[in-house]
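Some notes on the structure that comes next.
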Amino acid sequence: RKQFPPNALSFHYRMNLFEMNGKYWTSLNILALMLLSRSVNPSKLEQASRNMSSSSTLSALQRARQLQAPKVCSTTGGETEHLDFWQAHETVIRDAWREWSSTTKLPPLEESSMISPQWLQHVQTLRKFPTQENEQRLHKELLDEPFKDVFLSPEFLTPRGIALIREHFRAINNSRIPTRRPNGMNRFGLVLDTETQGGVTYPEMDNMLDSLVENYLRPLGRSLYPDSIQEGDDVNFYAFTISYEADENKDIQLKEHSDASVVTFNINLNLPEEADYEGSSLLFENEQDKQSPFELLMTPGALCVHKGLHRHQALPIKSGQRHQLIIWLFGKHGVVRFAPYEEEEQLLTVEKRWSTTEESPHWKGRSGWFGLL
Numbered sequence: 002r003k004q005f006p007p008n009a010l011s012f013h014y015r016m017n018l019f020e021m022n023g024k025y026w027t028s029l030n031i032l033a034l035m036l037l038s039r040s041v042n043p044s045k046l047e048q049a050s051r052n053m054s055s056s057s058t059l060s061a062l063q064r065a066r067q068l069q070a071p072k073v074c075s076t077t078g079g080e081t082e083h084l085d086f087w088q089a090h091e092t093v094i095r096d097a098w099r100e101w102s103s104t105t106k107l108p109p110l111e112e113s114s115m116i117s118p119q120w121l122q123h124v125q126t127l128r129k130f131p132t133q134e135n136e137q138r139l140h141k142e143l144l145d146e147p148f149k150d151v152f153l154s155p156e157f158l159t160p161r162g163i164a165l166i167r168e169h170f171r172a173i174n175n176s177r178i179p180t181r182r183p184n185g186m187n188r189f190g191l192v193l194d195t196e197t198q199g200g201v202t203y204p205e206m207d208n209m210l211d212s213l214v215e216n217y218l219r220p221l222g223r224s225l226y227p228d229s230i231q232e233g234d235d236v237n238f239y240a241f242t243i244s245y246e247a248d249e250n251k252d253i254q255l256k257e258h259s260d261a262s263v264v265t266f267n268i269n270l271n272l273p274e275e276a277d278y279e280g281s282s283l284l285f286e287n288e289q290d291k292q293s294p295f296e297l298l299m300t301p302g303a304l305c306v307h308k309g310l311h312r313h314q315a316l317p318i319k320s321g322q323r324h325q326l327i328i329w330l331f332g333k334h335g336v337v338r339f340a341p342y343e344e345e346e347q348l349l350t351v352e353k354r355w356s357t358t359e360e361s362p363h364w365k366g367r368s369g370w371f372g373l374l
């Protein structure tokens with residue numbers, strides 16, 4: 002089980018960043034040793050939570066609402082912040098989300114409402130006729146490449162889709178169930194993960210994310226970066242939300258960093274009436290000229306795709322708000338491959354890229370989001 006959310010500066014916190022055959026970063030984190038050296042035993046904390054759960058006459062939701070979430074402060078290294086709290090209350094919080102979702106009226110997160118018609122059409126065509134011509138047509142008609150290896154689709158989610166998912170987030174924030182910070186740098190947002198302690202997890206949200214990754218994002222990443230992603234390099238994912246607001250008590254910017262992913266998907270969740278925020282552009286490192294970075298502005302519903310190792314930052318927001326859904330893809334046990342594949346090693350065909358696989362633990366056993374599985 003994940004005991005902490007991956008942090009946005011993961012490579013700065015991993016122990017020595019040692020290599021496996023010169024091709025992979027390992028996911029071993031300093032936190033593992035910290036846990037071993039703590040006087041508090043995490044398994045005992047969880048067992049105590051279970052004991053309290055079994056002896057109490059209150060439901061999981063009632064008990065979770067009695068908890069006082071610790072205040073979030075750190076802007077670096079925050080993945081370890083208040084770790085004991087999330088370990089101690091992991092079970093009751095996870096059960097509370099299930100109970101809450103069964104008693105709360107939430108709108109369905111359906112493909113036909115959320116995904117733009119152009120994306121629906123191209124992906125359904127690729128499922129039925131997985132040819133290089135159809136894959137190249139998707140790239141040409143739906144994606145721009147403003148600079149090398151960074152791709153942008155201006156219309157991935159529909160305004161209706163954004164409104165639906167934001168309605169879920171509003172309900173989550175009003176649930177009175179403690180929520181955990183999204184990563185080690187951003188303080189405001191949600192962990193949307195079935196395994197991370199303190200993560201938000203309930204069927205409608207879980208199924209939407211699983212199917213979004215399985216049907217759209219994983220195949221897209223494989224098609225854009227065949228020299229970096231082959232089978233097994235992207236079987237796991239970690240999803241979270243972040244927000245920036247021109248308020249000194251909120252997250253205003255994000256310092257330069259790289260992600261703990263082989264590929265990152267960044268989706269803007271601003272409503273159309275929130276499109277006039279100022280600042281908060283994404284700034285990507287220019288490897289050819291370090292003094293001339295590339296700047297990218299996110300618009301409502303837009304999807305940005307980039308390699309996790311491509312260093313980037315968020316510039317200060319000057320007015321308004323910017324809301325994002327971030328999804329990282331990586332290999333088993335958190336391994337992130339960084340060495341490129343030789344051409345003869347690039348074995349994923351178009352058909353394999355756009356077909357579903359049971360390798361993903363998030364998808365296995367699920368009936369799917371919209372009948373494409």
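Numbering (our numbering), first residue to last: 2 to 374. Even glycine gets a Cβ: it sits at the ideal position worked out from N, Cα and C.
Alpha-carbon spacing of residue i relative to residue j, whole angstroms
{"i": "Leu127", "j": "Ala247", "result": "42 Å"}
{"i": "Trp355", "j": "Phe331", "result": "18 Å"}
{"i": "Ser320", "j": "Ile328", "result": "25 Å"}
{"i": "Leu193", "j": "Met209", "result": "11 Å"}
{"i": "Val73", "j": "Pro147", "result": "36 Å"}
{"i": "Glu142", "j": "Glu136", "result": "10 Å"}
{"i": "Met299", "j": "Gln133", "result": "29 Å"}
{"i": "Ser54", "j": "Pro204", "result": "Any reading at Ser54 must be qualified, since the residue scores a pLDDT of 48, below 50, and its modelled position is unreliable; the value itself is stated next. Roughly 22 Å separates the two Cα atoms."}
{"i": "Thr76", "j": "Lys256", "result": "10 Å"}
{"i": "Ser38", "j": "Pro108", "result": "Confidence at Ser38 is low in this model, with a pLDDT of 33, below 50, so its placement is unreliable and no value can be given for it."}
{"i": "Phe170", "j": "Gly200", "result": "13 Å"}
{"i": "Glu343", "j": "Leu349", "result": "13 Å"}
{"i": "Ala33", "j": "Thr202", "result": "Note on Ala33: pLDDT 36, under 50, position unreliable in the model; the coordinate value appears next. Cα to Cα, Ala33 sits roughly 24 Å from Thr202."}
{"i": "Glu274", "j": "Pro301", "result": "9 Å"}
{"i": "Glu249", "j": "Ala276", "result": "21 Å"}
{"i": "Glu215", "j": "Arg138", "result": "20 Å"}
{"i": "Glu288", "j": "Arg219", "result": "25 Å"}
{"i": "Glu375", "j": "Arg95", "result": "Residue 375 lies beyond the residue range present for the chain, which begins at 2 and ends at 374; the question has no answer from this structure."}
{"i": "Gly1", "j": "Arg64", "result": "Any question about residue 1 goes unanswered here, given that the chain covers just 2 to 374."}
{"i": "Ile31", "j": "Thr104", "result": "Residue confidence for Ile31 is low, a pLDDT of 30 falling below 50, so the modelled location carries little weight and cannot support an answer."}
{"i": "Lys251", "j": "Ile173", "result": "19 Å"}
{"i": "Leu59", "j": "Gln67", "result": "10 Å"}
{"i": "Leu213", "j": "Leu221", "result": "11 Å"}
{"i": "Ser56", "j": "Trp87", "result": "Low local confidence applies: a pLDDT of 47 at Ser56 is under 50, so the model's placement there is unreliable, with the coordinate-based value given in what follows. Cα to Cα, Ser56 sits roughly 20 Å from Trp87."}
{"i": "Arg161", "j": "Glu345", "result": "43 Å"}
{"i": "Gly381", "j": "Leu297", "result": "There is no way to answer for residue 381, as the model of the chain reaches only from 2 to 374."}
{"i": "Lys333", "j": "Phe339", "result": "14 Å"}
{"i": "Asp85", "j": "Glu111", "result": "37 Å"}
{"i": "Arg411", "j": "His258", "result": "What is shown of the chain runs 2 to 374, which leaves residue 411 out entirely."}
Residue i versus the options, residue with shortest Cα-Cα distance
{"i": "Lys106", "options": "Asn175, Gln137, Thr180", "result": "Asn175"}
{"i": "Tyr278", "options": "Met299, Leu210, Thr92, Gln322", "result": "Gln322"}
{"i": "Val351", "options": "Trp101, Tyr203, Tyr226", "result": "Tyr226"}
{"i": "Asp260", "options": "Gln314, Pro220, Leu62, Gln254", "result": "Gln314"}
{"i": "Lys353", "options": "Lys129, Asp211, Ser262, Val263", "result": "Lys129"}
{"i": "Glu82", "options": "Gln67, Trp101, His169, Arg181", "result": "Arg181"}
{"i": "Gly309", "options": "Ser262, Gly280, Pro341", "result": "Ser262"}
{"i": "Phe295", "options": "Val201, Tyr239, Ala340, Asp150", "result": "Asp150"}
{"i": "Pro118", "options": "Leu349, Glu156, Ala65", "result": "Glu156"}
{"i": "His311", "options": "Ile173, Phe285, Gly335, Phe86", "result": "Phe285"}
{"i": "Tyr217", "options": "Leu59, His140, Ser229", "result": "His140"}
{"i": "Leu270", "options": "Thr104, Cys305, Glu345, Glu80", "result": "Cys305"}
{"i": "Val337", "options": "His258, Leu297, Glu345, Gly233", "result": "Gly233"}
{"i": "Gly375", "options": "Pro183, Lys333, Phe339", "result": "In the structure as shown, the chain starts at 2 and stops at 374, and residue 375 therefore has no counterpart that could be examined."}
Contact check, residue i vs residue j, beta carbons under 8 Å
{"i": "Met206", "j": "Thr159", "result": "no"}
{"i": "His307", "j": "Thr265", "result": "yes"}
{"i": "Leu144", "j": "Phe152", "result": "yes"}
{"i": "Ser282", "j": "Leu316", "result": "yes"}
{"i": "Ala61", "j": "Ala97", "result": "yes"}
{"i": "Ile178", "j": "Trp101", "result": "yes"}
{"i": "Gln347", "j": "Gln198", "result": "no"}
{"i": "Asp211", "j": "Arg223", "result": "no"}
{"i": "Phe241", "j": "Leu191", "result": "yes"}
{"i": "Asp228", "j": "Pro341", "result": "yes"}
Expected contact under 8 Å - CB spacing of residue i and residue j to nearest Å
{"i": "Ser154", "j": "Ala303", "result": "7 Å"}
{"i": "Leu272", "j": "Arg167", "result": "7 Å"}
{"i": "Ile268", "j": "Ile318", "result": "Contact flag wrong, Cβ pair sits at about 18 Å."}
Any non-hydrogen atom of the ligand ZN within 7 Å of residue i CB
{"i": "Tyr226", "result": "Among the ligands in the structure shown, none appear at all, so the ligand ZN cannot be discussed."}
#### Entry: contact_flag[the stretch 233 to 253, the stretch 178 to 196] where n(CB pairs < 8 Å) is 3 or more
yes
### Task
Say whether the stretch 121 to 138 touches the stretch 87 to 96, bearing in mind that this needs 3 or more beta-carbon pairs closer than 8 Å, one atom from each stretch.
no
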